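Take a look at the structure set out below.
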Amino acid sequence: MTVRTDALPTQEMTINMGPQHPSTHGVLRVILTTDGEVVTRAVPDVGYLHRGLEKIGERVTYAQFMPFTDRLDYLAAMNCNCAWAWAVEKLAKIEVPERAEYLRVIVCELNRISSHLIAFGSYTADMGAFTPFLYAIRERERVNDLFEMLCGNRLTYNYARVGGVSGDAPPGFLEKTKEFLDYFEPKLDEYNNLISYNKIFVHRLANVAVIPAEEAVAYGLTGPNLRGSGVPFDLRKDEPYSVYPKFDFKVCVGTGERGTPGDCFDRYMVRINEMRESVRIVRQAVARIPDGPVMAKVPRLFKPPAGEAYFRSECPRGETGIYLISDGSVNPFRLKIRTGSFVAMNIFEKVTRGLMIADIVAVIGSLDIILPEIDR
Amino acid sequence: MEALARSLMNAVPLLAGVPLWAVTLLLIVAAAVVILVFALTFEGVGSLVLRKVAGDIQARIGPNRVGPNGILQFLADGVKLVLKEDIIPANADRLLFKLAPYFVFVGSFAAFVVVPFGVGLIAADLNIGIYYVMAVTSLVVVGVLLAGWASNNKWALLGGMRAAAQIVSYEIPVGMALIPAVLVAGSLSLQDIVRSQGGLLGIFGWNLFHNPFSFFSFFLYFTAAQAETNQTPFDLPEAESELVSGYNVEYSGIRFGLFFLAEFGDMFIVAALATACFLGGWNVPFFHAATLPWIWGNLLSLGVFLAKAFTMVLIMMWVRWTLPRLRVDQLMRMAWKYLVPLTFINLLGVSLWLLVFKGKGIPAMIASLFG
């Protein structure tokens, strides 16, 4: 919503939002210039969580960097693990056993569900409804249980390996996964009944911070943020990797269901719908998973040939691209990571102009940023 | 109070030598202490119930560590709030900063004086009871605005400004929605309003069922009052996810505790007013509590009143944990574009009804059909 500010000129006020603020989803600092409640300018100030992951990547071996990718996006650690593994495998041209690929797809999609659950839950909490957040956490716990069963960890999994995964699925894992899917799928309708189409919620999100399709492309948005603007671009479909071509799923896009295409509500709805598609993918993967080894033969002292590789994969928060240059030694010569959240920050200043303070929170939540991804 | 003091002096010979003003003063202090103790207990229990109910709604357990099943949690909270360091920010306006919690606290607690808890359980049956509640709870806005201003914190200032705009706006629909009850009873005294809903009609004697307009005005009142007391979905002044916590962000220790208590106090006042004005107050259905011996009549009516009021509080909590929050412009639009006109139309409707049907409600008319 835009508000006329020319009628009554008042003095502008600069407010510091963050780095300690409940709704900036981490240590994001936004410098707000406001005219009363109306934000005339919101400049994001990133960098409070910079750990130099890319530099670290150049000092450790390929295998040693795997735990660091957990910290790239701690809500979707599996996706980052696998992205790293796929990138290194692309660099070294390693053939991965099919069972391992299936397991990777299963954990990636499960992690997408749990990550979108947090996005959904924290978004509703930002909008003032705290209850759905705890419902989302309850469901996420079950995903965490599954991952704990698989690799022993609940947040930073360190599950993928260059050439496969760290261990095969324990007995009962696939059945438990199926059980979870049966339990979880009806919950999405419950969420929609509970909050998605709540009148207040829709009023808060519809027509707020509209990102038109061409602008979304121009600013390099990816993932749900891009699809929310109605662009059906999904790396799992458009640049297929792993065993994704074998699965039948739909690319969810924003349709302007309750307002303009590309508004906060569309970005929110894309995530809700994507969880359903992830459930479909996991169902198919669990049904069709082949037997066999889960690890390719990779030498202990792993030295990929000199060369470079860029691998991009569809993470819950957009494209995670990993650019690797190898000089033939045990550690990468250069590592560059491109993340969805960082790119989403570019458009922040543009879309927040003229909004109200409460809308700033709505925009941050709808872009679903996560700070370790922004700052790396 | 003076009449009570006189009767007390007649009854107890020991008091005969004490001057009348002293006994009256003593009684006033005693009543204040009783009210305060009740209010504090209510707020303690209220916060516990709130957290337990919140736990149930949110698929979690809620407090269960202090005492059996966590029932002593509110005492632990209270002790904690008292023991915490009282921080006054260096750049704050010290005097106003210290003053603000008292305004909020007094504004919320003074309203308890006229709440009709039972047949004879009312600290002061003012003949302008409703008017007094409306006036005294307006003090809250002064305190909130002071707190926001004196903190010298921009978030607190925004919260204070929001609160001021909101409370002032919503006072109009709240007042207008209460007037139908006043019109039906023909009195501003809360005791009279409650008494007017008694009689042999049972729950159909309530103002809620008096006529379609009074039915409607109950919901208007409840909605507007939620906003006036800053409850979700209208909790913008303390919107945690936007303003960190709004006007009280710089407060700590017992000063914060006073804001916190006042919030529960407001909640109960809203529930109590809704009960007294629309839900029959302490009237026991199909039964005249005043005919019982003083103690039993009062206990019974107190129980009925508290049961109704607590039900209303629970509904408020339920709403609080269900709905998201409005944006500030939507909130203002709702007040001025919808609630204010609706309450005025409603008031007109009730007035016309009372004029046309000579003050009779639908249940009374139906009852007269059957003799």
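Residue numbers (our numbering), protein chains in the order written: chain L, 1 to 376; chain Z, 1001 to 1371.
The C-beta atom is built at its ideal place from N, Cα and C for all residues, glycine as well.
These numbers were taken from a predicted model, which means no experiment stands behind them.
Does the beta carbon of residue 1337 of chain Z sit closer than 8 angstroms to a beta carbon anywhere in chain L? no
Pairwise C-alpha distance: residue 1073 of chain Z and residue 1065 of chain Z: 8 angstroms
Within the stretch 1183 to 1220 of chain Z, note down every full alpha helix (DSSP H) run reaching 4 residues or more, in order along the chain. 1190 to 1195
What residues in the stretch 1243 to 1259 of chain Z bring their beta carbon closer than 8 angstroms to a beta carbon of chain L? 1243, 1244
So for residue 310 of chain L, helix, strand or coil by DSSP? Residue state for residue 310 of chain L is assigned as strand, using DSSP reduced to three classes.
Measure from the C-beta of residue 31 of chain L to each C-beta in chain Z and report whether the shortest distance is under 8 angstroms. no
Listed in chain order, which residues of the stretch 108 to 126 of chain L have Cβ atoms closer than 7 angstroms to some Cβ of chain Z? 124, 125, 126
Roughly how many angstroms lie between the CA atoms of residue 1209 of chain Z and residue 1179 of chain Z, to the nearest whole one? In this structure, the straight-line span from the alpha carbon of residue 1209 of chain Z to that of residue 1179 of chain Z is close to 15 angstroms.
Could you compute how far the alpha carbon of residue 1062 of chain Z sits from the alpha carbon of residue 1243 of chain Z? So the two alpha carbons sit approximately 25 angstroms from each other.
Quick check on this structure: which residue in L/332, L/366, L/246 has the alpha carbon closest to the alpha carbon of residue 347 of chain L? L/366
What are the boundary residues of the beta strand (DSSP E) that residue 318 of chain L is part of? 318 to 326
Pull up the DSSP beta-bridge partners for residue 336 of chain L, would you. L/323
Are the CB atoms of residue 1253 of chain Z and residue 1156 of chain Z within a distance shorter than 8 angstroms? no
Spatial neighbours of residue 1339 of chain Z within its chain, please: C-beta separation below 6 angstroms, excluding the five flanking residues on both sides. Around residue 1339 of chain Z: 1173, 1224.
Name the chain L residues that come within less than 9 angstroms of residue 1394 of chain Z, Cβ to Cβ? Limits of chain Z in this structure are 1001 at one end and 1371 at the other, which puts residue 1394 of chain Z out of reach.
Residues that residue 184 of chain L contacts on chain Z, provided the C-beta gap is smaller than 8 angstroms: Within chain Z, no residue comes near residue 184 of chain L; the closest Cβ sits about 15 angstroms away, beyond 8 angstroms.
Opposite residue 160 of chain L in the DSSP bridges: which residues? In the DSSP output, where bridge partners are listed per residue, residue 160 of chain L has L/165.
Residue 1321 of chain Z touches chain L at which residues, Cβ-Cβ below 9 angstroms? Residues of chain L passing the Cβ test: 129, 130, 131.
Using the DSSP secondary-structure output, state which residues sit across from residue 44 of chain L in a beta bridge. L/30
Which residues does DSSP list as the beta-bridge partners of residue 1346 of chain Z? In the DSSP output, where bridge partners are listed per residue, residue 1346 of chain Z has none listed.
Spell out whether any CB of chain Z is found under 8 angstroms from the CB atom of residue 1 of chain L. Any answer about residue 1 of chain L is weak, because its pLDDT of 49 lies below 50 and its placement is not dependable; what the coordinates show is given next. Closer than 8 angstroms: yes.
So which residues of chain Z does residue 13 of chain L contact, with C-beta pairs closer than 7 angstroms? 1154
Selected residue, minimal CA-CA separation from residue 110 of chain L, among L/265, L/137, L/146, L/96: L/146
Output yes if chain L places a C-beta closer than 8 angstroms to the C-beta of residue 1262 of chain Z; else output no. So, not an interface residue.
So what's residue 350 of chain L in DSSP terms, helix, strand or just coil? helix
For residue 59 of chain L, count the other beta carbons within 10 Å of its own beta carbon; 16 or more makes it buried, fewer makes it exposed. Which is it? exposed
Under a three-way DSSP split, which group does residue 1322 of chain Z fall into? Of the three classes helix, strand and coil, the one that applies to residue 1322 of chain Z here is coil, per DSSP.
Just curious, the beta strand (DSSP E) that residue 15 of chain L is in, first and last residue? 13 to 17
Here's the rule I'm using: 16 or more other beta-carbon atoms within 10 Å means buried, otherwise exposed. How should residue 1291 of chain Z be labelled? exposed
Could you give the distance in angstroms between the alpha-carbon of residue 1346 of chain Z and the alpha-carbon of residue 1336 of chain Z? C-alpha separation (whole angstroms): 15 angstroms.
What are the partner residues of residue 35 of chain L, as DSSP defines its beta bridges? L/38
DSSP-derived helix/strand/coil call for residue 1332 of chain Z: helix
Please compile the residues from chain Z whose C-beta is within a distance smaller than 9 angstroms of the C-beta of residue 41 of chain L. Within 9 angstroms Cβ-Cβ: nothing; residue 41 of chain L doesn't reach chain Z, min ~15 angstroms.
Specify the secondary structure class of residue 1277 of chain Z as computed by DSSP and reduced to three states. helix
Could you tell me whether the stretch 23 to 35 of chain L touches the stretch 283 to 298 of chain L, using the rule of 3 or more Cβ pairs below 8 angstroms? By the C-beta criterion, the stretch 23 to 35 of chain L is judged not to be in contact with the stretch 283 to 298 of chain L, since fewer than 3 inter-stretch pairs fall below 8 angstroms.
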